[in-house]
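Position one of the sequence shown corresponds to residue 1 (full-length UniProt numbering), numbered consecutively onward.
Backbone N, C-alpha and C fix where the C-beta goes; we use that ideal spot for every residue, glycine too.
These numbers come from a predicted model, not from an experiment.
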Amino acid sequence: MDSAQLQAMLREKMEQMPNKARRVVEYLLSNTREAAFLSIGEVAEKLDVSKAQLVRVSRMVGFDGYADLKDALQNSVLEHVNPTALLSKIMKNRQDLPEEILRMEHANLDDTWNQLKPQNIVKFCEMVRQANMVYCMGWGISSLVAEALYTRLMEMGIRSSLMKRGSVALIEQARTVTKGDIVVVCELPSYVIEVTESIERISANGATVITITDSPAAPVCQLSDLSFFVSDTSPTFGSTIVGPVFLIHILTSVLCVNLGEKVRAALQDQEMGLHDERIYYPAYGLRY
């Protein structure tokens, strides 16, 4: 059963359900990725229902029990992060791929925007303002988002460092992060054990953790002092970074304005560097 079939079945069964059971199914439809990775106890607590109620709802929608329903939810999530499965689906349906990508990226931007809370932007700016050092962490495609943040911070003259796996493992790099520092970690599916373990070490050291994820179910969110959520749906590859980079653009732009003269001086210095013809071609009226 693919994700579309699962959602169609849940919606069909929901129509005949009493209110309490309907609320459970509505949660599963709206928070599939989160529910897929939470225990039955965690879901029951979140919805303020009993575990027995979740088992009953699972049977009402056609499963033997909650474990079978959870397996179906996990398979549905994996379908969206498995590039081979995604490509096979596209080829089978013969969709107009460029238009489908355009539609999805518009949806990713809208969804990322709708999840962004103004008060969290203010908190982010204040945290960065007070930090001794800002570390930007990511693994795989998430490291591109981390590097986008790192580049912007460096342009603003903010002390920062990029943390990604290279000659030194993330868990080893985590040893240097201490109280007064901030780690901004981007974690898109599939979630990485070493990233979570590194954040656990960093949190234990007393540093502040800011997460950028696609879902509250991402393991690093349990250790977060401030969380941002993005939409990263792609019809081919597991995740797209258009939504996450859009978030970085917003956060760093607001930060730039809020820091005022301090950033102005750094950007002026950056501008002088861009006119260094030993490194860059002459500007010739280009925007920088």
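Candidates the options: which alpha carbon is nearest residue i's?
i, options, result
"residue 13", "60, 191, 161", "60"
"residue 364", "55, 186, 48, 125", "Outside the displayed span of the chain (1 to 288) sits residue 364, for which this structure offers no information."
"residue 48", "62, 27, 121", "27"
"residue 160", "282, 121, 226, 146", "146"
"residue 134", "176, 103, 101", "176"
"residue 7", "75, 168, 52", "75"
"residue 17", "57, 282, 45, 41", "57"
"residue 221", "200, 237, 281", "200"
"residue 118", "275, 29, 226", "226"
"residue 31", "73, 50, 41, 267", "73"
"residue 21", "52, 228, 205", "52"
"residue 106", "167, 11, 241", "241"
"residue 96", "173, 123, 236, 256", "236"
"residue 114", "173, 196, 228", "228"
One question on the structure: do residue i and residue j come within less than 8 Å of each other, judged by their Cβ atoms?
i, j, result
"residue 127", "residue 182", "yes"
"residue 243", "residue 112", "yes"
"residue 43", "residue 35", "yes"
"residue 155", "residue 270", "yes"
"residue 189", "residue 143", "no"
"residue 224", "residue 209", "yes"
"residue 62", "residue 9", "yes"
"residue 158", "residue 184", "no"
"residue 252", "residue 149", "yes"
"residue 245", "residue 121", "no"
"residue 162", "residue 194", "no"
"residue 247", "residue 116", "yes"
"residue 77", "residue 129", "no"
Would you kindly work out how many angstroms separate the C-alpha atoms of residue i and residue j, rounded to a whole number?
i, j, result
"residue 265", "residue 207", "28 Å"
"residue 98", "residue 250", "26 Å"
"residue 37", "residue 125", "31 Å"
"residue 219", "residue 68", "22 Å"
"residue 178", "residue 202", "7 Å"
"residue 180", "residue 140", "27 Å"
"residue 39", "residue 278", "58 Å"
"residue 280", "residue 272", "11 Å"
"residue 217", "residue 275", "46 Å"
"residue 19", "residue 215", "26 Å"
"residue 15", "residue 108", "29 Å"
"residue 205", "residue 132", "14 Å"
"residue 168", "residue 29", "41 Å"
"residue 282", "residue 256", "26 Å"
"residue 54", "residue 166", "44 Å"
Please list the terminal residues of the continuous alpha helix (DSSP H) segment that includes residue i.
i, result
"residue 248", "242–259"
"residue 198", "193–204"
"residue 40", "40–47"
"residue 17", "Looking at the DSSP string, residue 17 is not in any alpha helix (DSSP H), and its letter there is neither H nor E."
"residue 124", "118–130"
"residue 102", "97–114"
"residue 54", "51–60"
Starting from residue i, trace the beta strand (DSSP E) in both directions and tell me its first and last residue.
i, result
"residue 187", "182–187"
"residue 32", "Segment 32–36 is the alpha helix (DSSP H) holding residue 32; no beta strand (DSSP E) there."
"residue 135", "134–137"
"residue 143", "Residue 143 -> not in any beta strand (DSSP E); alpha helix (DSSP H) instead, spanning 142–155."
"residue 171", "Note, residue 171: premise wrong, no beta strand (DSSP E); alpha helix (DSSP H) at 170–173."
"residue 211", "208–213"
"residue 226", "226–229"
"residue 161", "160–163"
**Asked** Can you find at least 3 beta carbon pairs, one from the segment 221–232 and one from the segment 252–271, that sit closer than 8 Å?
**Response** Three or more Cβ pairs closer than 8 Å define a contact, and the segment 221–232 falls short of that threshold against the segment 252–271.
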